[in-house]
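One structure below.
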Amino acid sequence: MISFLIFISVFLFMECITWLTHKYIMHGFMWYFHADHHQPKYEHVFERNDIFFVIFATPSITLFYFGVQGGFNYLFFIACGITLYGFCYFLIHDVLIHQRFKWFKNTKNKYLIGLRKAHKMHHKHLGKEKGECFGMLFVPFKYYKM
Numbered sequence: 001m002i003s004f005l006i007f008i009s010v011f012l013f014m015e016c017i018t019w020l021t022h023k024y025i026m027h028g029f030m031w032y033f034h035a036d037h038h039q040p041k042y043e044h045v046f047e048r049n050d051i052f053f054v055i056f057a058t059p060s061i062t063l064f065y066f067g068v069q070g071g072f073n074y075l076f077f078i079a080c081g082i083t084l085y086g087f088c089y090f091l092i093h094d095v096l097i098h099q100r101f102k103w104f105k106n107t108k109n110k111y112l113i114g115l116r117k118a119h120k121m122h123h124k125h126l127g128k129e130k131g132e133c134f135g136m137l138f139v140p141f142k143y144y145k146m
């Protein structure tokens with residue numbers, strides 16, 4: 001039971017980490033890597049922004065490694081929570097919102113439509129200043145009503 005609570009808590013906490021990282025790191029001192037993501041058209045299959053997948057996967061991989069040493073310990077379940085969040089982030093951000101893969105083109109789900117609207121509001125700003133909606137899975141309710 002404690003393992004499941006760790007897993008779920010980490011998954012939910014990752015939204016806070018994502019918001020803070022997106023606002024203060026990606027739109028801050030690492031803007032160089034994130035800037036191409038805010039341009040209307042991508043020149044290549046990969047963006048500089050994709051480096052964040054590697055950066056964010058590294059702690060999870062490390063926690064998996066140490067989490068299986070001598071049996072499964074709490075680090076393993078922290079890694080599971082981070083990994084599930086990363087997978088959901090990929091599905092929402094890269095597949096649903098930016099359509100890098102054409103899997104969910106015509107959804108009628110209000111939650112998913114709200115996520116897309118909130119992210120569009122985030123991308124209306126082409127620079128690193130004046131951003132909004134830095135989270136991914138939890139967005140203000142006003143975007144579900146628009």
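Residues in the sequence shown are numbered from 1 upward in steps of one, following the numbering used here. Ideal placement from N, C-alpha and C gives every residue a C-beta, glycine not left out. The model shown is predicted, which means the values in this text are computed figures rather than measured ones.
Ile51 places its beta carbon less than 8 Å from that of Phe33. The continuous stretches of alpha helix (DSSP H) do not include Lys23, and DSSP gives it neither H nor E. Between the alpha carbons of Ile97 and Tyr111 lies a gap of roughly 12 Å. Boundaries of the alpha helix (DSSP H) harbouring Trp31: Trp31 to His34, taken from the DSSP string. Around the beta carbon of Lys105, fewer than 16 other beta carbons lie within 10 angstroms, which makes this residue exposed.
DSSP, read as helix, strand or coil, puts Cys80 in helix.
Lys120 is the residue among Leu75, Cys133 and Lys120 whose C-alpha sits nearest the C-alpha of Gln39. Leu137: not part of any alpha helix (DSSP H); DSSP gives it neither H nor E.
Between Arg116 and Gln69, the alpha-carbon positions lie close to 40 Å from each other.
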